[in-house]
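Chains as they are written, first to last, in my numbering: chain A, 34 to 190; chain B, 34 to 190.
Beneath this line is the structure, given in structure tokens, with notes to follow.
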């Protein structure tokens, strides 16, 4: 059970964009330089965040990415699921219905209890990540972080 | 983020073995017939459960698999981690230390807050599955289930 490596990228990039001044943007190239990541692949991930509404992309000479809504309204779950999808890690293929032990249909009206317990665990994981916003992450950073981030991102430091 | 298909197999097989009479065993072939699964691959998964102490394997003409300890002392987490391992789905590669935005070492003494939040979510998932034992699963089955299971497993019904 593995999340893609790009999960770390998008969590950090969203956190970085959350430190921009209102209305400011950063390009995929700037973010790629900031974290030394492959720009084309990073750009694809950022587009996935745009599709999910986490980011907004603006075009033109000063175009780039910025948060699609306030940092307090973007959760880590939304960022993670934007790139990894929302499907649960456990897939129930209903093996209870097959083979010599196959249960009759009338015994399979309810969700398999094992699938239900695996789904509860996934819900617990989702709730945990849904309880943390980008604003919470920013609040945990040193007060000097946003100014440093903006300056390094612009390549002016 | 996906669990292997064999996760469903081992959860069901462990539940099935929990319904045997004390001291009784079932072979990989019997379990494979019971759920119509590929026996050699299932046998490998059952061996992983033995290695984790969830099951015990006995040899000889009446040999096979049985629970390695009472059903109340075997959690779904132990079954799942026996086949999928214990590593967390999120891997922090410390991209905060690289690129133009690289943080100095003194700012990286603590775990990255994003990695910490992802770890908390994994802990929530693990706690959820650690809170459910095979005995809990058995308690949710119809009272007629164990007798049916034993008879179908033995191929006598």
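Beta carbons are placed, not taken as given, at the ideal position from N, Cα and C, and that holds for glycine.
Reduced DSSP category for residue i - H, G, I as helix; E, B as strand; rest coil
| i | result |
| --- | --- |
| residue 183 (chain A) | helix |
| residue 100 (chain A) | strand |
| residue 88 (chain B) | strand |
| residue 119 (chain A) | coil |
| residue 149 (chain A) | helix |
| residue 59 (chain B) | strand |
| residue 144 (chain A) | coil |
| residue 77 (chain A) | helix |
| residue 138 (chain B) | helix |
| residue 70 (chain A) | coil |
| residue 130 (chain A) | helix |
| residue 46 (chain B) | helix |
| residue 64 (chain B) | helix |
| residue 83 (chain A) | helix |
| residue 41 (chain B) | helix |
| residue 114 (chain B) | helix |
Near the ligand ADP: residue i beta-carbon under 7 Å from a heavy atom
| i | result |
| --- | --- |
| residue 64 (chain B) | Among the ligands in the structure shown, none appear at all, so the ligand ADP cannot be discussed. |
Proximity winner among the options, relative to residue i (alpha-carbon distances)
| i | options | result |
| --- | --- | --- |
| residue 105 (chain A) | A:71, A:47, A:151 | A:47 |
| residue 120 (chain A) | A:91, A:144, A:159 | A:159 |
| residue 99 (chain B) | B:142, B:43, B:66 | B:43 |
| residue 80 (chain A) | A:116, A:53, A:179 | A:116 |
| residue 53 (chain A) | A:188, A:187, A:183 | A:183 |
| residue 55 (chain B) | B:141, B:145, B:101, B:169 | B:101 |
| residue 60 (chain B) | B:164, B:161, B:88, B:179 | B:88 |
| residue 85 (chain B) | B:93, B:113, B:91 | B:113 |
| residue 175 (chain A) | B:133, B:180, B:128, B:143 | B:143 |
| residue 154 (chain B) | A:64, A:179, A:172, A:163 | A:163 |
Residue i at chain B interface by Cβ criterion, 8 Å
| i | result |
| --- | --- |
| residue 52 (chain A) | no |
| residue 97 (chain A) | no |
| residue 153 (chain A) | yes |
| residue 182 (chain A) | yes |
| residue 101 (chain A) | no |
| residue 71 (chain A) | no |
According to DSSP, residues forming a beta bridge with residue i
| i | result |
| --- | --- |
| residue 108 (chain A) | A:166 |
Below-8 Å beta-carbon distance, residue i vs any chain A residue
| i | result |
| --- | --- |
| residue 141 (chain B) | no |
| residue 173 (chain B) | yes |
| residue 74 (chain B) | no |
| residue 106 (chain B) | no |
| residue 35 (chain B) | yes |
| residue 165 (chain B) | yes |
> For the region 151 to 177 of chain B, which segments carrying the alpha helix (DSSP H) assignment without a break, of at least 4 residues, lie completely within its bounds, in sequence order?
Replying inline: For the region 151 to 177 of chain B, whole alpha helix (DSSP H) runs of length 4 or above, ordered along the chain, are 167 to 172.
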